[in-house]
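K.L.:
Respectively, the protein sequence lines represent chains A and B. Heads up: the first sequence begins at 1 in our numbering, then just goes up one per residue. Heads up: the second sequence begins at 1001 in our numbering, then just goes up one per residue.
There are 2 protein chains.
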Amino acid sequence: MKVMVMIIMNKNQAGVSRATEQRVQRAIKSLGFRPNHSAGVLRTGMTSTIGLLVQDIAEPFQSELAGAIEEVAADRGFLVIIVSSHSDPNREKESALALCSRRVDGLVLVPTVGSQAYLKPEMDSGTPIVAVDRPAQDLAADTVLSDNSQGMKLAVDHLVSQGHTMIGYLGDRPDLYTSVERLAGYKSGLLDCGIPVRPDLIFGQSPAEEALTQSLEALVSAGATAVITGNTWTTFSALLLIRRLARPLKHVAFDDFKLSSLLDPPLTVIAQDPRSMGRAAAETLMSRIKGDLGPRQKIILETRLIAR
Amino acid sequence: MKVMVMIIMNKNQAGVSRATEQRVQRAIKSLGFRPNHSAGVLRTGMTSTIGLLVQDIAEPFQSELAGAIEEVAADRGFLVIIVSSHSDPNREKESALALCSRRVDGLVLVPTVGSQAYLKPEMDSGTPIVAVDRPAQDLAADTVLSDNSQGMKLAVDHLVSQGHTMIGYLGDRPDLYTSVERLAGYKSGLLDCGIPVRPDLIFGQSPAEEALTQSLEALVSAGATAVITGNTWTTFSALLLIRRLARPLKHVAFDDFKLSSLLDPPLTVIAQDPRSMGRAAAETLMSRIKGDLGPRQKIILETRLIAR
DNA sequence: CTGAAAGCGCTTACAG
DNA sequence: CTGAAAGCGCTTACAG
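(1) Tell me, please, whether the CB atom of D133 (chain A) is closer than 9 Å to any CB atom in chain B?
(2) Which residues in the same chain have their Cβ closer than 7 Å to the Cβ of Y186 (chain A), if we skip the five residues on either side of it in sequence?
(3) Residues of chain B with a CB under 9 Å from the CB of I81 (chain A): which are they?
(4) What residue does the beta strand (DSSP E) around S1084 (chain B) start on, and which one ends it?
(5) Going straight from the alpha carbon of Y118 (chain A) to that of G1040 (chain B), what length do you get?
(6) Which bits of chain B does R34 (chain A) rub up against, with CB to CB less than 7 Å?
(7) Looking at the strands, I want to know which residues DSSP matches up with S146 (chain A).
(8) Which two residues bound the contiguous beta strand (DSSP E) that contains V269 (chain A)?
(9) For D157 (chain A), return the contacting residues in chain B, with the cut-off set at a CB-CB distance below 7 Å.
(10) Rounded to whole angstroms, what is the Cα-Cα separation between T44 (chain A) and A1211 (chain B)?
(11) With a cut-off of 8 Å on the beta carbons, I'd call D1147 (chain B) and E1283 (chain B) a contact; round off their distance for me.
(12) Using alpha carbons as the reference points, say which of B:V1252, B:L1240, B:T1213 and B:L1219 lies closest to R1304 (chain B).
(13) Anyone know if the C-beta pair for D172 (chain A) and Q150 (chain A) falls short of 9 Å?
(14) Considering only the alpha carbon of each residue, which of A:I167, A:D138, A:L285 and A:V197 lies closest to L219 (chain A)?
(15) Taking L1241 (chain B) and L1216 (chain B) to be in contact with their CB atoms under 8 Å, please state how far apart those CB atoms are, rounded to whole angstroms.
(16) Measure the CB-CB distance between H158 (chain A) and T268 (chain A) and report whether it falls below 9 Å.
(17) Identify, in the order they occur along the chain, each residue of the same chain with its Cβ nearer than 6 Å to the Cβ of L1183 (chain B), setting aside the five sequence neighbours on each side.
(18) Could one say the Cβ of I299 (chain A) lies closer than 9 Å to chain B's Cβ atoms, at least one of them?
(19) Short of 6 Å in beta carbon distance, which residues of its chain neighbour R327 (chain A), apart from the five on each side in sequence? Order them along the chain.
(20) Does F254 (chain A) come within less than 9 Å of chain B when only Cβ atoms are used?
(21) Should L52 (chain A) go down as buried or exposed, given a rule of 16 or more other Cβ atoms within 10 Å for buried?
(22) Using 8 Å for Cβ pairs, my map puts G67 (chain A) next to I1289 (chain B). What's the rounded Cβ distance?
(23) Among B:R1102, B:F1078 and B:R1275, which residue has its Cα nearest to the Cα of F78 (chain A)?
(24) Got a sec: which bits of the stretch 1163 to 1188 of chain B sit with their beta carbon under 9 Å from any beta carbon on chain A, in order along the chain?
(25) By Cβ distance, which residues of its chain are closer than 7 Å to R296 (chain A), with the 5 residues on each side in sequence left out?
(26) Who are the neighbours of P947 (chain B) on chain A, taking C-beta pairs under 7 Å?
(27) Ignoring anything shorter than 4 residues or poking outside the stretch 1067 to 1126 of chain B, list the alpha helix (DSSP H) runs there in chain order.
(28) Is P1295 (chain B) helix, strand or coil when you go by DSSP?
(29) Quick one: list the residues of chain A neighbouring D1056 (chain B), beta-carbon separation under 8 Å, in chain order.
(30) Within 9 Å of any Cβ in chain A, is that where the Cβ of K1120 (chain B) sits?
(31) Can you name the start and end residues of the beta strand (DSSP E) that K1250 (chain B) belongs to?
(32) Out of A:V108, A:P89, A:L107 and A:M123, point me to the one whose CA is closest to G1032 (chain B)'s CA.
(33) Can you check whether the CB of S1084 (chain B) is closer than 9 Å to the CB of A74 (chain A)?
(34) Answer with yes or no whether the minimum CB distance from K93 (chain A) to chain B is below 9 Å.
(35) Would the beta-carbon of T234 (chain A) fall within 9 Å of that of P207 (chain A)?
(36) DSSP three-state label for F1033 (chain B), please.
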């Protein structure tokens, strides 16, 4: 039976009569026969599957990234195994190696803070790897990033053009790549405008509510008239806190989000484009899978300011 | 080499000296050897992989669902292949069969409007399938649903208790399962309160902006003092439109979303719990994979009203 | 208990 | 051109 099926499926030309072919096709359908993909994998080495290792698939930025990657993959006949590292380097490593054991044809990952050196053997043996949102550490992977620093400069310029000079910054944990870049953009944005950088206006921490409350109060009493929040969670918490302030504080947020346009007072944001990032990452990966051996690529996508 | 590795990895007891074992372990590491999962699949028939077929992984509700499913799967050592059907029955079918060809140990799907009868052979041959958010058509799959109708009754009760009797309803396409359930809840909620159902206050359509504008105007001129929006996209569009109305319109929305608490005026919502739905679906699937042959299950999760 | 050999289901190189 | 046979890399049933 299975041999016949294979014959029919592979060469739909002569040799077998039309009637027989139809009979077999019907048998395939009624018996629910599906070729065993794993057997083909064993023979050909190709899985038509890629791995995607994100921080957390439940978060909007990451899921939009994943949606774009899946779309490109689907267009090319690939499926995507998605795993969340929850920002834990050990889980990242375990999951990445599980994906490699499944012989994915390529891997897109949002690296955690740890080193990705453990993936070197995989790359050397021909599995292409693309890092997205942050660069990989100790691994010569292709990379797709947002221009975090340029975005933060836009935010600073925008506020300065509105007359602000005391601009606070509420960033994320300072050990994250994006934090470093955004803080650098903030500082150079100020310096470019001839405004001194004041350390008492800069805070970098995980977006926990209590710490944030303190930081915001410190900003205000240091005389800040505006604040930039450096990531979505901080933005959400800050939105609540800012409303309760006696004096209004102009707020610009890094990262757009659904409904940002509906807030009152309106919120100006720096928007990354997760769909474009995902598409770029997936397309880079796909061309590597097809055999592109060109030099390592670093794709940096501009961010834009949406003034409100 | 590989044989030795297998020997070491499978039985880490006697027979091989500690020194040799360490040498081999080091060799594994330096050569980057990873057992080929597909070969094992071919032999054992188990992939330790499940399939997840959602409408669109980029949408918040679906990605939270996916996050919970992935978490349960990861706990049990399973990976998840995620595919988006984009509400297209043909893509659903193609993707589902691609997953079956990869011999996933089980499948969770958010069914599209089409029939899922094509999956019967898979179920019969032992692949468990769980439908989530909507029931599968023509397929005896386990099912995990929100109690849409109960949620809509909560919304109606809430508005009636505030004195509203002219309550409009802006639903989604009427052919969706959730639309049918929510509309039924709206109607029976009104009837339970002794309020007649007025067809001129009921609209069901895809959440396209222009159509919605007309519907909302029609509601208002029919005398509605409150409106319930039946899905997130309609809610977002309606939020903008309602602000522009001359007379205030009390608004209750089906489905919670990030930042709903920050809106002005505040928005009362009926909240589903996608994480719990995902967890229930994944746990049901996992127990089926483990061999649970009990009767078909239908799990219905309550929704709750968050008054603001 | 140990170790060689069979076999999972495909694909493809090869003999006829 | 056709068709039987080898082989991908594991796991496990089986012989020694």
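We treat Cβ as the ideally placed atom computed from N, Cα and C, and that holds for glycine.
P.N.:
Reading off the structure:
(1) Taking CB atoms only, D133 (chain A) has no neighbour in chain B less than 9 Å away.
(2) Counting only residues of its own chain and dropping the five nearest sequence neighbours on each side, Y186 (chain A) has a CB closer than 7 Å to the CB of M152, V156, Y169 and I228.
(3) Result: T1049, L1079, V1080, I1081 and I1082.
(4) Segment L1079 to S1084, the beta strand (DSSP E) holding S1084 (chain B).
(5) When rounded, the distance between both Cα atoms is 23 Å.
(6) Result: L1097, C1100 and S1101.
(7) Answer is A:L301, bridged to S146 (chain A).
(8) For V269 (chain A), the enclosing beta strand (DSSP E) has its first and last residue at T268 to A271.
(9) Under the 7 Å cutoff, chain B gives no residues; its nearest Cβ is about 27 Å from D157 (chain A).
(10) Rounded to whole angstroms, T44 (chain A) to A1211 (chain B) spans 52 Å at the Cα level.
(11) That belief does not hold up - the Cβ atoms of D1147 (chain B) and E1283 (chain B) are roughly 19 Å apart, past 8 Å.
(12) If we check each option's Cα against that of R1304 (chain B), B:V1252 comes out closest.
(13) For the pair D172 (chain A) and Q150 (chain A), the CB atoms are not nearer than the 9 Å cut-off.
(14) Minimum Cα distance to L219 (chain A) is reached at A:I167.
(15) The C-beta distance from L1241 (chain B) to L1216 (chain B) rounds to 5 Å, short enough to meet the 8 Å contact threshold.
(16) Yes, the pair counts as a contact, with Cβ atoms nearer than the cut-off.
(17) Contacts found: G1171.
(18) Answer no: the Cβ-Cβ gap between I299 (chain A) and chain B never drops below 9 Å.
(19) Past the edges of chain A, shown from 1 to 308, lies residue 327 (chain A), and the structure says nothing about it.
(20) So, not an interface residue.
(21) The residue is buried, with at least 16 neighbouring Cβ atoms inside 10 Å.
(22) Not a contact, Cβ separation roughly 27 Å.
(23) Out of B:R1102, B:F1078 and B:R1275, the CA that lies nearest to the CA of F78 (chain A) is found in B:R1102.
(24) From the stretch 1163 to 1188 of chain B, no residue has a Cβ closer than 9 Å to chain A.
(25) Once the five neighbours on either side are set aside, the close Cβ partners of R296 (chain A) are A140 and D142.
(26) For chain B, the structure presents residues 1001 to 1308; residue 947 (chain B) sits outside this window and is missing.
(27) If only complete runs of 4 or more residues are kept, the stretch 1067 to 1126 of chain B shows the alpha helix (DSSP H) at 1089 to 1101 and 1120 to 1124, in order along the chain.
(28) Taken through DSSP and simplified to helix, strand or coil, P1295 (chain B) comes out as coil.
(29) Result: G67.
(30) At least one C-beta of chain A is nearer than 9 Å to the C-beta of K1120 (chain B).
(31) K1250 (chain B) -> beta strand (DSSP E) spans K1250 to F1254.
(32) When only C-alpha atoms are compared, the closest one is A:M123.
(33) One thing to note: A74 (chain A) has its Cβ within 9 Å of the Cβ of S1084 (chain B).
(34) Taking a beta-carbon distance threshold of 9 Å, K93 (chain A) does not count as an interface residue toward chain B.
(35) Taking 9 Å as the Cβ cut-off, T234 (chain A) and P207 (chain A) qualify as a contacting pair.
(36) In the structure shown, F1033 (chain B) sits in coil (DSSP, three-state: anything other than H, G, I, E or B).
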